[in-house]
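K.L.:
First, the structure itself, so that you have it in front of you.
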Amino acid sequence: GNSVTQMEGPVTLSEEAFLTINCTYTATGYPSLFWYVQYPGEGLQLLLKATKADDKGSNKGFEATYRKETTSFHLEKGSVQVSDSAVYFCALSDQTGANNLFFGTGTRLTVIP
Amino acid sequence: KAGVTQTPRYLIKTRGQQVTLSCSPISGHRSVSWYQQTPGQGLQFLFEYFSETQRNKGNFPGRFSGRQFSNSRSEMNVSTLELGDSALYLCASTLHRGNDEQFFGPGTRLTVL
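Below, the structure written as structure tokens:
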């Protein structure tokens, strides 16, 4: 079956620190992979995505590379800001054409000045 | 273009009651998916509607149901509410079925007393 395992939080970093949030997945076939972000009191926003092996998704300084050999999609940012404080979710969508996402448990990031 | 809207934003019910939540997708989007978010279980897929038909269903009891109207607006209904149904219910819309980006609404916070 499909599942996503995500690094447990919470994660607290100082401003300008380097961020890595680990994500590994189990899926049949060739899923698409996503990182979503949820700010307090809001719904989820797509941060970045990758649809095939070795693709790199990037947005707002965040990056993640689809690694099929290690079934991973780790999120990285070189220099975090206070405004990056949020909950980050790794997710996958299988190739059946259905619009259902399988989510990780989420990682809460707090960036302190 | 207006985003996904969900009404109401907050709801308090008592055990045994039923509840109906509404979701209006982005104009032109035809697929609507529903998710339940709880601290214990995380984000779980409920069901997906496309062209007024349920296309996919998650692992939830029959008390959870939904429908979609010809204008793509969707409702979900939960009957005989239980304490464990307290959650944030998120709706997401997509232009069409497949691995496209899902746009999430702000959610409806349901509290069952």
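Residue numbers (my numbering), protein chains in the order written: chain A, 1 to 113; chain B, 1001 to 1113.
Glycine included, C-beta positions come from ideal geometry on N, C-alpha and C.
Run down chain B in chain order and give the residues with a C-beta less than 7 Å from the C-beta of Gly43 of chain A.
P.N.:
Correct list: Leu1090, Phe1104, Gly1105, Pro1106, Gly1107.
K.L.:
Which residue from A:Ala27, A:Leu46, A:Ser83, A:Gly61 puts its Cα closest to that of Thr20 of chain A?
P.N.:
Nearest option by C-alpha distance: A:Gly61.
K.L.:
To the nearest whole angstrom, what separates the beta carbons of Thr28 of chain A and Ile112 of chain A, a pair I think is in contact under 8 Å?
P.N.:
That pair is no contact at about 41 Å.
K.L.:
Can you list the residues of chain A that Thr1094 of chain B reaches, using a CB-CB cut of under 8 Å?
P.N.:
The contacting residues are Asn99.
K.L.:
Closer than 8 Å, CB to CB, is Thr71 of chain A near chain B or not?
P.N.:
Not one chain B Cβ lies under 8 Å of Thr71 of chain A.
K.L.:
For a minimum of 3 consecutive residues, which ranges assigned as the beta strand (DSSP E) are wholly contained in the region 10 to 82 of chain A?
P.N.:
Counting only runs of 3 or more, we get 11 to 14, 19 to 21, 23 to 26, 32 to 38, 44 to 50, 56 to 59, 62 to 65, 75 to 77.
K.L.:
Decide yes or no for the touch test of the region 1011 to 1018 of chain B against the region 1029 to 1036 of chain B: beta carbon pairs closer than 8 Å, at least 3 of them.
P.N.:
With the cut-off at 8 Å, the region 1011 to 1018 of chain B and the region 1029 to 1036 of chain B do not touch.
K.L.:
Compute the distance between the beta-carbons of Leu101 of chain A and Gln1044 of chain B, then report whether it is under 8 Å.
P.N.:
The answer is no: Cβ separation not under 8 Å.
K.L.:
Apart from the five residues just before and just after Ser72 of chain A, which ones in its own chain have a Cβ nearer than 6 Å to its Cβ?
P.N.:
Thr24, listed in sequence order.
K.L.:
Please decide whether Phe1045 of chain B counts as near chain A, where near means a Cβ-Cβ distance under 8 Å.
P.N.:
So yes, Phe1045 of chain B belongs to the interface.
K.L.:
Please classify Tyr1089 of chain B: is it buried, with 16 or more other beta-carbons within 10 angstroms of its beta-carbon, or exposed?
P.N.:
Classification of Tyr1089 of chain B: buried, given that the 10 Å Cβ count is 16 or more.
K.L.:
Hey, Glu76 of chain A and Ala86 of chain A: beta-carbon distance below 8 Å or not?
P.N.:
In this structure, Ala86 of chain A does not lie closer than 8 Å to Glu76 of chain A by Cβ.
K.L.:
If we cut at 8 Å on Cβ distances, does Thr105 of chain A have a partner in chain B?
P.N.:
Answer yes: the Cβ-Cβ gap between Thr105 of chain A and chain B drops below 8 Å somewhere.
K.L.:
Determine, using beta carbons only, whether Arg1055 of chain B comes closer than 8 Å to chain A.
P.N.:
True, the Cβ-Cβ gap to chain A drops below 8 Å.
K.L.:
With a threshold of 8 Å between beta-carbons, can Arg1073 of chain B be considered close to chain A, or not?
P.N.:
Cβ-Cβ to chain A under 8 Å: no for Arg1073 of chain B.
K.L.:
What's the C-alpha gap between Ser1070 of chain B and Thr1007 of chain B?
P.N.:
Those two C-alpha atoms are separated by around 18 Å.
K.L.:
Under 8 Å by Cβ, that's how I've got Leu92 of chain A and Leu33 of chain A pegged, so tell me the actual separation to the nearest angstrom.
P.N.:
That pair is a contact at about 5 Å.
K.L.:
With 16 as the cutoff for other CB atoms within 10 Å, does Gln81 of chain A come out buried or exposed?
P.N.:
The residue in question, Gln81 of chain A, is exposed, as its Cβ has fewer than 16 Cβ neighbours within 10 Å.
K.L.:
Quick one: does Ser1031 of chain B have its CB under 8 Å from some CB of chain A?
P.N.:
Closer than 8 Å to some Cβ of chain A, the Cβ of Ser1031 of chain B qualifies, so yes.
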